[in-house]
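Protein chains in written order, with this note's numbering: chain A, 8 to 261; chain B, 8 to 261.
No residue lacks a Cβ here, since even glycine has one placed at the ideal position from N, Cα and C.
There are 2 protein chains.
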Amino acid sequence: MDKDVGSVQSVDRALTILEILQENSKGLGVTDLAKQLHVSKSTAHRLLMSLLKKGFVQKDMETDKYLLGLKLIEFGQNVSENLDIRKLASGYLHELVEISGETAHLAILDNNEIVYIDKIESSATIRMYSKIGKRAPLHCTGIGKAVLAFLPEEKIKQIIDENGLKKFTDKTITDKEEMLAHLSEIKRRGYSIDDEEHELGINCAAAPILNHKGEVVAGISVAGPLMRISKEKLSRIAKEVLRVSQEISRLLGR
Amino acid sequence: MDKDVGSVQSVDRALTILEILQENSKGLGVTDLAKQLHVSKSTAHRLLMSLLKKGFVQKDMETDKYLLGLKLIEFGQNVSENLDIRKLASGYLHELVEISGETAHLAILDNNEIVYIDKIESSATIRMYSKIGKRAPLHCTGIGKAVLAFLPEEKIKQIIDENGLKKFTDKTITDKEEMLAHLSEIKRRGYSIDDEEHELGINCAAAPILNHKGEVVAGISVAGPLMRISKEKLSRIAKEVLRVSQEISRLLGR
DNA sequence: CTTATAGTTCTATTATACGGAACATAGTTC
DNA sequence: GAACTATGTTCCGTATAATAGAACTATAAG
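Right, here's the structure in full:
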């Protein structure tokens, strides 16, 4: 057993108690906990007293068992709220670049547009901050459509009515009914495909990121030139983008 | 300084670190934390290593500061999900009984009806489990209306259309439009009043309990015979019921 | 009533958490 | 670019604080 240098035994144990209690939602007694922790009853008890005093665990009055405390709800909320989506997603975007060999993007929804807040390229190891901050419409970009599709029905209609469906290329969807059907299909399968609807020669697969309330807050995509991305490759990429988007959403408490 | 007997110093300190980090959402360095904890840098550092290893804190790669870890989101979710609303509310219901001298109820929404899951009476110190499990309609009870008012608009209409507005007393609201207006008023002020709409001679003030997503999951009320409750007393009670409902909702992460 | 089981408090022992110093790293100032 | 500061990390001897086990309660079971 390695000595776990640089950390504090009793703290490790206390945190392990929390983990054990997470697995036992009906609560555990001191003796059970002591066994699982491989410590004496008195040690387990003292650790519990510290956790109890701070509200990290509570004692069920009826069963006399210890369970996770309400304080943890607060903490969870707090972390969710102050989460920096860019930092959170960064590692995943790199993973997507690795897998696909193409460029990955992260964008958030702001004022009926998307704003790119990160972009990671395969070739250049340095980030191109130039494009970061760029805004794009919702109706004809991969991330835009993915985000739009997951907004509430009324909000979608409102945005379309307010902003229209401006034509960027011959492939841009400009008919409202067609767009609504398209979005509902995106919502069903979880990801969107941009088939040169914003810029000719560029294909893109994207998926939304949802927060703990199930609200769409951002989107990620992988995009690249048509010549390098076959239909088949794009659909493989789309699966990966979807998977990653779900992992990120999960981190947000989704 | 009392010795905080029965707890573990290092655990207390580690948990305090989490509390301090909660107040500093942009993160803190080792030195700052050590100062606030009144311990040496090395101690603060070792405590952080334990917290870090378990994912309770994370280190921001860009600023090199420590902040609350994503693990806490999981815990929060877990606690919310496994929360026993009855146990949670119990103390608060007793408080309401104390304040009002009348009977307090807790009910949850189930299948377009409310189900009473707790009832606490002033006179009898023992709980009357007889009434627990009883079902009642949404449109003419205090809790029912409070819950109904906080459902999504469409859901409200759907429920009314499906279940109708059955007349129980002369005061029962049976007109759909009148009911919708009534409900929107309830939503505005946060609490509902049942003025003999279900049972003659019984007045009641109720308010909804919302979960972390803002969804209504239950309601609480204080009810009593007309002869003991003046209009004025009822409105005083309603304020208390509202306050308590908000406190419980907050515990649920609202 | 006795026995068993779990929770809580007490206490002597030593392992372990502690502070301070040393070292490392980076960011600033001149 | 050297000298200086501020901050993070590692090391180490010491004494404190955490530990195990026993004693003591409080319930529950037989």
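| field | Alpha carbon of N85/A to alpha carbon of Q29/B, nearest angstrom | value | Approximately 7 Å between the Cα atoms of the pair.
| query | Hey, would you say G260/B sits closer than 8 Å to P232/B, going by beta carbons? | reply | For G260/B and P232/B, no; Cβs fall outside 8 Å.
| Is T110/B helix, strand or coil by DSSP? | It is a strand residue.
| Under 8 Å, do F157/B and K126/B count as touching if we go by C-beta distance? | No, they are not a contact pair.
| field | Exposed unless 16 or more other CB atoms sit within 10 angstroms - verdict on A41/A | value | By the C-beta density criterion, A41/A is buried, having at least 16 other C-beta atoms within 10 angstroms.
| said: Taking a contact to mean a Cβ-Cβ separation below 8 Å, would you say S199/A touches N89/B in this structure? | reply: Cβ distance not < 8 Å, so S199/A and N89/B don't count as in contact.
| field | Own chain residues within Cβ distance below 6 Å of K141/B, not counting five before or after | value | Counting only Cβ-Cβ distances below 6 Å, and skipping sequence neighbours, we find Y123.
| Is it the case that the Cβ atoms of L54/B and V18/A are separated by a distance below 8 Å? | Against a cut-off of 8 Å, the Cβ pair of V18/A and L54/B comes out as a contact.
| field | Contact list for the stretch 163 to 192 of chain A against chain B, Cβ threshold 7 Å | value | Listed in chain order, the positions of the stretch 163 to 192 of chain A with a beta carbon within less than 7 Å of a beta carbon of chain B would be empty, since no residue qualifies.
| message | By the 8 Å beta-carbon criterion, what residues does the stretch 61 to 73 of chain A contribute toward chain B? | response | Here the close residues are K61, F63, D67, M68 and E69.
| Should the stretch 145 to 164 of chain B be called in touch with the stretch 208 to 219 of chain B, which here means at least 3 C-beta pairs below 8 Å? | Pairwise C-beta distances place the stretch 145 to 164 of chain B in contact with the stretch 208 to 219 of chain B, as three or more of them are shorter than 8 Å.
| query | What is the rounded straight-line gap between the Cα of H52/B and the Cα of K174/A? | reply | In this structure, the straight-line span from the alpha carbon of H52/B to that of K174/A is close to 57 Å.
| query | What are the residues of the stretch 212 to 223 of chain B that lie near chain A, defined by any Cβ-Cβ distance shorter than 8 Å? | reply | If the cut-off is 8 Å between Cβ atoms, the stretch 212 to 223 of chain B has H219, K220 and G221 near chain A.
| Between K78/B and V64/B, what straight-line distance do the alpha-carbon atoms span, to the nearest angstrom? | Answer to the nearest angstrom: the Cα atoms are 8 Å apart.
| Quick one: which chain B residues come within Cβ less than 8 Å of V229/A? | Here the premise fails: no neighbours, minimum Cβ distance about 23 Å.
| message | By the three-class DSSP mapping on this structure, what secondary structure does V4/A have? | response | This structure leaves residue 4/A out entirely; chain A is present only between 8 and 261.
| query | Whose CA, out of T38/A, L25/A and S97/A, lies closest to the CA of G83/B? | reply | Looking from the CA of G83/B, the closest CA among T38/A, L25/A and S97/A belongs to L25/A.
| request: If I'm right that L249/A touches G171/A with Cβ under 8 Å, what's the distance once you round it to whole angstroms? | output: Between G171/A and L249/A the Cβ distance is about 29 Å, and since that is not below 8 Å, they are no contact.
| request: Tell me whether the beta-carbon of C147/A lies closer than 8 Å to the beta-carbon of T179/A. | output: Yes, these two residues count as a Cβ contact at 8 Å.
| Whole-Å CB distance - A225/A paired with A143/A, under 8 Å assumed | In this structure A225/A does not touch A143/A by the C-beta definition: roughly 13 Å separates them, more than the 8 Å allowed.
| message | Could you check whether L95/A and I227/A sit closer than 8 Å to each other, using their CB atoms as the reference points? | response | No, these two residues do not count as a Cβ contact at 8 Å.
| task | Would you kindly check if the distance between the Cβ of N118/A and the Cβ of L145/A is under 8 Å? | result | With respect to N118/A, L145/A sits apart: the two C-beta atoms are not nearer than 8 Å.
| request: Starting from V122/A, follow the alpha helix (DSSP H) in both directions and report where the run begins and ends. | output: Careful: V122/A lies outside any alpha helix (DSSP H), inside the beta strand (DSSP E) at E120 to I127.
| said: For K72/A and E102/B, what's the separation of their Cα atoms in angstroms? | reply: Computed Cα separation, rounded: 24 Å.
| So is D201/A in contact with chain B if we call contact Cβ pairs under 8 Å? | No, because no Cβ of chain B sits closer than 8 Å to the Cβ of D201/A.
| Cα-Cα separation, I92/B to E105/B | Approximately 20 Å, taken between the alpha carbons.
| task | Rounded to whole angstroms, what's the CA-CA distance from E128/B to R257/B? Just pull it up for me. | result | If you take the alpha carbons of E128/B and R257/B, they lie about 25 Å apart.
| request: Taking Q29/A as the query, report the chain B residues whose CB atoms sit under 8 Å from its CB, ordered along the chain. | output: Close to Q29/A, with beta-carbon spacing below 8 Å, are these residues of chain B in chain order: E81, F82 and N85.
| message | Taking 8 Å as the limit between beta carbons, can you name the residues of its chain near D283/B, skipping five residues before and five after? | response | Residue coverage of chain B in this structure runs from 8 to 261, which leaves residue 283/B outside it and unanswerable.
| message | With a threshold of 7 Å on Cβ separation, who are the neighbours of T23/A within its own chain once the five nearest residues in sequence on each side are excluded? | response | Spatial neighbours of T23/A in its own chain (CB-CB distance under 7 Å, excluding positions within 5 residues in sequence) are listed in chain order as L44.
| query | Three-state secondary structure (DSSP) at V15/B? | reply | Coil.
| message | Could you compute how far the alpha carbon of E192/A sits from the alpha carbon of K164/B? | response | Taking the straight line joining both Cα atoms gives about 27 Å.
| request: Quick one: residues in its chain with C-beta nearer than 6 Å to the C-beta of S87/B, no 5 flanking neighbours on either side, listed in chain order? | output: These residues qualify, in order along the chain: H219 and G260.
| request: Return the residue from the list Q253/B, I167/B, T50/B and E206/B that minimises the CA-CA distance to G13/A. | output: Closest by alpha carbon: T50/B.
| said: Classify S57/A: buried if its beta carbon has 16 or more other beta carbons within 10 angstroms, exposed otherwise. | reply: Under this definition S57/A is a buried residue.
| Got a sec? Which residues, its chain only, sit under 8 Å from K48/B by beta carbon, not counting five neighbours each side? | Closer than 8 Å at the Cβ level, and outside the excluded window around K48/B, lie V37, T38 and A41.
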